[in-house]
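Protein chains in written order, with our numbering: chain X, 26 to 262; chain F, 26 to 262.
Heads up: the structure comes next, in structure tokens.
Number of protein chains: 2
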Amino acid sequence: MDVATQTALKPRKKPRQARSEATVEAIVQAVIQVLLSDGAPRLTTTRVAERAGVSVGTLYQYFPHKQALLYAALDRHLEGVAVALEAACAQARGRSASTIVEAIVDAYVAAKTADAAGARALYRVAAELGASELVKATGRRIRAAAEAALSSAADLRLENPRRAVATMLAAISGLVRTVFEEDGGAADWRAARAELTILCRGYLDASARDGPRAEAEPAAAIRGKSPARQIGPGDSP
Amino acid sequence: MDVATQTALKPRKKPRQARSEATVEAIVQAVIQVLLSDGAPRLTTTRVAERAGVSVGTLYQYFPHKQALLYAALDRHLEGVAVALEAACAQARGRSASTIVEAIVDAYVAAKTADAAGARALYRVAAELGASELVKATGRRIRAAAEAALSSAADLRLENPRRAVATMLAAISGLVRTVFEEDGGAADWRAARAELTILCRGYLDASARDGPRAEAEPAAAIRGKSPARQIGPGDSP
DNA sequence: ACCTGAACACCGTTCAAGT
DNA sequence: ACCTGAACACCGTTCAAGT
Numbered sequence: 026m027d028v029a030t031q032t033a034l035k036p037r038k039k040p041r042q043a044r045s046e047a048t049v050e051a052i053v054q055a056v057i058q059v060l061l062s063d064g065a066p067r068l069t070t071t072r073v074a075e076r077a078g079v080s081v082g083t084l085y086q087y088f089p090h091k092q093a094l095l096y097a098a099l100d101r102h103l104e105g106v107a108v109a110l111e112a113a114c115a116q117a118r119g120r121s122a123s124t125i126v127e128a129i130v131d132a133y134v135a136a137k138t139a140d141a142a143g144a145r146a147l148y149r150v151a152a153e154l155g156a157s158e159l160v161k162a163t164g165r166r167i168r169a170a171a172e173a174a175l176s177s178a179a180d181l182r183l184e185n186p187r188r189a190v191a192t193m194l195a196a197i198s199g200l201v202r203t204v205f206e207e208d209g210g211a212a213d214w215r216a217a218r219a220e221l222t223i224l225c226r227g228y229l230d231a232s233a234r235d236g237p238r239a240e241a242e243p244a245a246a247i248r249g250k251s252p253a254r255q256i257g258p259g260d261s262p
Numbered sequence: 026m027d028v029a030t031q032t033a034l035k036p037r038k039k040p041r042q043a044r045s046e047a048t049v050e051a052i053v054q055a056v057i058q059v060l061l062s063d064g065a066p067r068l069t070t071t072r073v074a075e076r077a078g079v080s081v082g083t084l085y086q087y088f089p090h091k092q093a094l095l096y097a098a099l100d101r102h103l104e105g106v107a108v109a110l111e112a113a114c115a116q117a118r119g120r121s122a123s124t125i126v127e128a129i130v131d132a133y134v135a136a137k138t139a140d141a142a143g144a145r146a147l148y149r150v151a152a153e154l155g156a157s158e159l160v161k162a163t164g165r166r167i168r169a170a171a172e173a174a175l176s177s178a179a180d181l182r183l184e185n186p187r188r189a190v191a192t193m194l195a196a197i198s199g200l201v202r203t204v205f206e207e208d209g210g211a212a213d214w215r216a217a218r219a220e221l222t223i224l225c226r227g228y229l230d231a232s233a234r235d236g237p238r239a240e241a242e243p244a245a246a247i248r249g250k251s252p253a254r255q256i257g258p259g260d261s262p
């Protein structure tokens, strides 16, 4: 059911002519506008169509259902975040672990705060759609980029960089989410960035120290398993 | 609008007789059952009433709207988590920072995984309700408990324990959320617990080391502000 | 005090008819 | 190829009438 649902979220048909391409663009823009001006509960297919200057029928020609509209808006946002993270990671390659960590944290926070209103509105949307394939896929991209960058650090050798990156990014997203939920201002974002840098650096230090030798029973139990069983990417449901 | 909305989410009237008390109980149970068996999208006021063995009218006598139903179910879950965390923190008082950290992580994960199906279903519900007062209030309780415990550690003196606790708990909830989203199994939960312990210990080490001296511009800028401007509790919207 | 269920307004989705 | 908008099924919420 899950994969089928996710697939169904994609646009119903590709626009073949310039006219319909503009229509789709207008609809997606309308979704974001209605989301920001009226809020998610008031986001109605009729209202979106009205704002986009088309009829409901047209809307349903390109999107199979209301969720697909939100999905499209979420897609835009996540694409932006992923691209920003990938760029930051590529640029930080080969520098010290400390620098790389800072670059990742900064890029993540910057990407989320650049379109703060949209990001906040979409946090709810993302949850309503469930932990969609889209969110997972974006997570995978970001983790891959971060792992590549961190593995390139000259002054750090992690036993399991994949897991370390998954842990760090989950922690980062947790803090970012909290600041959003608390309606944080610029000062809160600065503080979050500073704390996240300390957090990640401390974690990497500790991992490099404690990681290699099996510390307790659970860690050892997992170490024997295949990569698929890691916290990281969702290789399987 | 926010506070008013949140207030309106509470039950409409207190049950005065034993009969109605049973009715409310039946309705809340029905919400959880429908949520688990039919899923959130199929959760209908009629369906809940039917499952509870009452009419829609009765349902609306105690809950002002559908969201209030979900709110009540979420309330149950969060209450359980908060109580568990408070107990764990109280019990760990006075022990080493390392032990306390472990206790907090373990209690958090245990509370969430004890009712994994319910917790997962409610993660979405919580988002649909927005970052409700309820979620924030529970966060405040947990942070307060954790701060009290950590401040009691003999081997640790943090400059800003409130912020440190807020950071740690946000990171923890981020990792927990990720494991849920990835549909993690028992091995993933064990791995998450281990990583979280390393993460938090490393963070506290680093905080105690780097914290006291102003490291960069942003940290210093915040340090001068009032406690209300911290990442932590949402003292104001 | 508590409960019922038909009635109302509104929303998501479809489809026959148009250009 | 693309668009329209009346029509349908269903859902949240109310309220006059019951016990």
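For every residue, glycine included, the Cβ atom is placed at its ideal position computed from N, Cα and C.
In this text, all values refer to a predicted model and were calculated from it rather than measured experimentally.
Next item on the list: Specify the secondary structure class of residue 83 of chain X as computed by DSSP and reduced to three states.
Entry: Residue state, collapsed to three classes: helix.
Checklist line | Three-state secondary structure assigned by DSSP to residue 124 of chain F | finding: helix
Check: Is residue 98 of chain F close to chain X, meaning its C-beta is less than 9 Å from at least one C-beta of that chain?
Finding: no
Item checked: Neighbourhood of residue 91 of chain X by C-beta distance below 6 Å, restricted to the same chain and skipping five residues each side -> 70
Next item on the list: Starting from the C-beta of residue 106 of chain X, find all residues in its chain whose C-beta is less than 8 Å away, skip the five residues before and the five after it, and write them out in chain order.
Entry: 133, 136, 137, 163, 167
Next item on the list: Select from the segment 125 to 145 of chain F all residues with a C-beta closer than 8 Å to any C-beta belonging to chain X, and list them in chain order.
Entry: Of all residues in the segment 125 to 145 of chain F, none has a Cβ within less than 8 Å of some Cβ in chain X.
Next item on the list: Taking all protein chains shown into account, decide if residue 119 of chain X is buried (16 or more other Cβ within 10 angstroms of its Cβ) or exposed.
Entry: exposed
Next item on the list: Starting from residue 195 of chain X, find everything on chain F with Cβ-Cβ shorter than 7 Å and list it in chain order.
Entry: 199, 200, 203
Note to self: Within 10 Å of its beta-carbon, does residue 56 of chain F have 16 or more other beta-carbons around it, so buried, or fewer, so exposed?
What the structure shows: buried
Next item on the list: In the DSSP assignment, find the unbroken alpha helix (DSSP H) run with residue 206 of chain F in it and report its ends.
Entry: 186 to 206
Notebook entry, point to check: Comparing the C-beta of residue 160 of chain F with each C-beta of chain X, is any distance below 9 Å?
Noted result: yes
Notebook entry, point to check: Which whole-angstrom value is the C-beta distance of residue 147 of chain F and residue 199 of chain X, which I expect to be below 8 Å?
Noted result: Not quite, the Cβ-Cβ distance comes to about 17 Å (not below 8 Å), so this is no contact.
Notebook entry, point to check: Is residue 135 of chain X helix, strand or coil when you go by DSSP?
Noted result: helix
Notebook entry, point to check: Does the beta-carbon of residue 207 of chain F have 16 or more other beta-carbons within 10 angstroms, so that it is buried, or is it exposed?
Noted result: buried
Item checked: Nearest residue (CA-CA) to residue 114 of chain X, options X:66, X:50, X:127 -> X:127
Check: How would you write the range of the alpha helix (DSSP H) that residue 95 of chain F sits in, first residue to last?
Finding: Looking at the DSSP string, the run of the alpha helix (DSSP H) that includes residue 95 of chain F is 91 to 117.
Check: Taking C-beta to C-beta, are residue 193 of chain X and residue 229 of chain X nearer than 9 Å?
Finding: yes
Margin query: Between the alpha carbons of residue 151 of chain X and residue 144 of chain X, how many angstroms are there, rounded?
Written below: Residue 151 of chain X and residue 144 of chain X have their C-alpha atoms roughly 10 Å apart.
Next item on the list: Closer than 8 Å, Cβ to Cβ, to anything on chain F: give me those residues from the segment 207 to 237 of chain X, in chain order.
Entry: Within the segment 207 to 237 of chain X, the qualifying residues are 207, 208, 209, 210, 212, 213, 215, 216, 217, 218, 219, 220, 221, 223, 224, 226, 227, 228, 229, 230, 231, 232, 235, 236.
Next item on the list: For residue 232 of chain F, name the three-state secondary structure that DSSP assigns.
Entry: Residue 232 of chain F sits in a helix when the DSSP states are folded into three classes.
Check: Any idea if residue 224 of chain X is buried or exposed, counting beta-carbon neighbours within 10 angstroms, 16 or more meaning buried?
Finding: buried
Next item on the list: Counting only the same chain and skipping the five closest in sequence on each side, list residues whose C-beta sits under 6 Å from that of residue 222 of chain F.
Entry: 127, 130
Check: DSSP state of residue 178 of chain F, grouped into three classes?
Finding: coil
Check: Apart from the five residues just before and just after residue 232 of chain X, which ones in its own chain have a Cβ nearer than 7 Å to its Cβ?
Finding: Excluding sequence neighbours, residue 232 of chain X sits near 183, 189.
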